[in-house]
Amino acid sequence: MVSYPFFKLFKRDSRVSGWVAVTTSRLGVHIAQAKYVGPRPQVTRCDFYPLAEVSASALEKLRRDAQLDEARFTTLLSPDEYQLMMVDAPNVPVDELKTAIRWKIKDSLNYHIDDATVDVLQIPTNKYGGDRPQSLYAIAASNETIRKRIGMFEKAKVDLNVIDIPEMAQRNIAALFEEEGRGLAMLTLGDEGCLLTITCDGELFLARRIDISLGQLQDADENLRQQYLDRVELELQRSLDYFDRQFHHIPVSRLLLAAPEALRLDKVLANSLGLPVQMLDLAQGMDIAGVPALSDSEYACHALPALGAALRQEKKAL
């Protein structure tokens, strides 16, 4: 597997000391820290700091207050700051792959390809005996977006190592709940909409966004909420059908759902999908004894992107 996205400043061994993820949203900042000390990762921090505006000065104050000077930091781009595109892998040598991908996706960007930072994530279909052509994900963000993010962290005196994307953060969590050789669908409801991923043996095969946020579902009246739920069900079924057609050699065992229990969304989806639906219980995949707030399903929904980013592990790069 490649060392996954997105923009790596330098590489260190982080398995023992762990990563600190600092993620930003319109509501504030999440700071999560996790490390691998045995068969399961240990979460040592997962805090939320509400902020009216996320700025370099606010981040610097949080860094000082949280005493994180010696940490290895990662962050996530927001969904509107990058594009994730599945494309057929070009038949070129490995050292020419990124150049070929840049040419392949250039017309899909709303800025010039010379102004883009691009990375690739391979989908290992051949490993599972399928006959589907080799595909990969291309991830692109404007250089200006990357510069702004790095600049804000530098001004905050945060030693940023990696900029990642939410799909890979969710992959990190899903990997802890998979059954060997079987696909796991995972749907999370968060501040920036729903994110569906389908993974197998720690690899990301499919990622889809549904533009319905947790707040929209919670604030809607009964009629509007039902419309939202109908859309979620439809997009889920379409995605599962697509996965079955494209990756039929990988059976999906169940849907893992991260949503507030009060919504009872697991009951709704179990009746419509014909697939076992299980609510996410983080304690089954990691040690969260040090952060009991993660036992609350709604708190966990908001914290999952930062938590997943903190669970990053380095892999061999292309």
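For our numbering, count along the sequence shown from 1 and bump the result up by 231. Yeah, the Cβ is synthetic: ideal placement off N, Cα and C, and Gly gets one too.
- Query: Per DSSP, what kind of secondary structure is Asp-326 in: helix, strand or coil?
  - Reply: DSSP, read as helix, strand or coil, puts Asp-326 in helix.
- By Cβ distance, which residues of its chain are closer than 6 Å to Glu-466, with the 5 residues on each side in sequence left out? Non-local beta-carbon contacts of Glu-466 in its own chain, meaning distances under 6 Å to residues more than five positions away in sequence, involve Ile-441 in chain order.
- Query: Taking the continuous alpha helix (DSSP H) assigned at His-261, which residues delimit it?
  - Reply: Segment 259-267 is the beta strand (DSSP E) holding His-261; no alpha helix (DSSP H) there.
- Query: For Ile-441, which beta-bridge partners are listed by DSSP?
  - Reply: Beta-bridge pairing links Ile-441 to Cys-425.
- Message: Within the continuous alpha helix (DSSP H) that includes Ile-404, where are the two ends?
- Response: According to the DSSP assignment, Ile-404 belongs to the alpha helix (DSSP H) that extends over 397-405.
- Message: Suppose contacts are defined by Cβ-Cβ distances below 9 Å. Is Met-510 in contact with Asp-497 by that definition?
- Response: In contact: Met-510 and Asp-497 (Cβ atoms closer than 9 Å).
- Sort Gln-298, Ala-438 and Asp-311 by Cα distance to Thr-255 and report the nearest one. Between Thr-255 and the set Gln-298, Ala-438 and Asp-311, the nearest pair of CA atoms involves Asp-311.
- Task: Go ahead and pull the three-state DSSP assignment for Ser-234.
- Result: Because Ser-234 sits at a pLDDT of 37, beneath the cut-off of 50, its placement in the model cannot be relied upon, and the following sentence gives the value as read from the coordinates. Coil at Ser-234, not helix or strand.
- Query: Expressed to the nearest angstrom, what Euclidean distance is found between the alpha-carbon atoms of Ser-526 and Arg-543?
  - Reply: Approximately 21 Å, taken between the alpha carbons.
- For Ala-520, the first and last residue of its enclosing alpha helix (DSSP H): Careful: Ala-520 lies outside any alpha helix (DSSP H) and carries neither H nor E.
- Can you give the Cα-Cα distance for Gly-382 and His-479, rounded to whole angstroms? Taken atom to atom, the span from the alpha-carbon of Gly-382 to that of His-479 is near 44 Å.
- Message: Spatial neighbours of Lys-335 within its chain, please: C-beta separation below 6 Å, excluding the five flanking residues on both sides.
- Response: If we look at Lys-335 and ignore the five residues flanking it on each side, its Cβ neighbours are Val-318.
- Message: Please tell me whether, using a cut-off of 8 Å, the distance from the CB of Gln-509 to the nearest non-hydrogen atom of the ligand FAD is below it.
- Response: Looking at this structure, you won't find the ligand FAD or any other ligand, since it has none at all.
- Roughly how many whole angstroms lie between the Cα atoms of Lys-379 and Ala-501? So the two alpha carbons sit approximately 43 Å from each other.
- Task: Within 10 angstroms of the Cβ of Ala-534, are there 16 or more other Cβ atoms? Answer buried if so, exposed if not.
- Result: By the neighbour-count rule (16 or more Cβ atoms within 10 Å), Ala-534 is buried.
- On the premise that Ala-320 lies in contact with Val-349, defined as a C-beta separation below 8 Å, what is that separation, rounded to the nearest angstrom? No, Val-349 and Ala-320 are not in contact; Cβ-Cβ is about 14 Å, not under 8 Å.
- Can you say whether Gln-458 is buried or exposed, counting buried as having 16 or more other CB atoms within 10 angstroms of its CB? Gln-458 should be labelled exposed.
- Helix, strand or coil for Gln-298 per DSSP? Coil.
- Helix, strand or coil at Phe-474 [DSSP, three-state]: Phe-474 falls in the helix class under three-state DSSP.
- Cβ separation of Phe-408 and Leu-487, assumed to be a contact under 8 Å, to the nearest whole Å: Cβ-Cβ separation between Phe-408 and Leu-487: approximately 6 Å, consistent with a contact (criterion under 8 Å).
- Where do the N-terminal and C-terminal ends of the beta strand (DSSP E) with Asp-278 fall, by residue? Start and end: 272-281.
- Query: Between the C-alpha atoms of Val-351 and Ser-339, what's the straight-line distance to the nearest angstrom?
  - Reply: Rounded to whole angstroms, Val-351 to Ser-339 spans 15 Å at the Cα level.
- Message: Spatial neighbours of Ala-302 within its chain, please: C-beta separation below 6 Å, excluding the five flanking residues on both sides.
- Response: Counting only Cβ-Cβ distances below 6 Å, and skipping sequence neighbours, we find Val-251.
- Item | Straight-line gap, Ala-289 to Gln-314 (C-alpha atoms, nearest Å) | Using only the alpha carbons, I get a separation of about 28 Å.
- From Gly-269, Glu-545, Val-253 and Tyr-530, residue whose alpha carbon lies closest to that of Gly-516: Closest by alpha carbon: Gly-269.
- Query: Do you know whose CA, among Thr-275, Arg-271, Thr-305 and Leu-258, lies nearest Ala-283's CA?
  - Reply: The closest CA to that of Ala-283, considering only Thr-275, Arg-271, Thr-305 and Leu-258, is found on Leu-258.
- Task: Report yes if the C-beta distance between Val-253 and His-261 is below 9 Å; otherwise report no.
- Result: Less than 9 Å separates the beta-carbon of Val-253 from that of His-261.
- Item | Per-residue DSSP class, three states only, for Tyr-368 | Looking at Tyr-368 - three-state DSSP - the assignment turns out to be strand.
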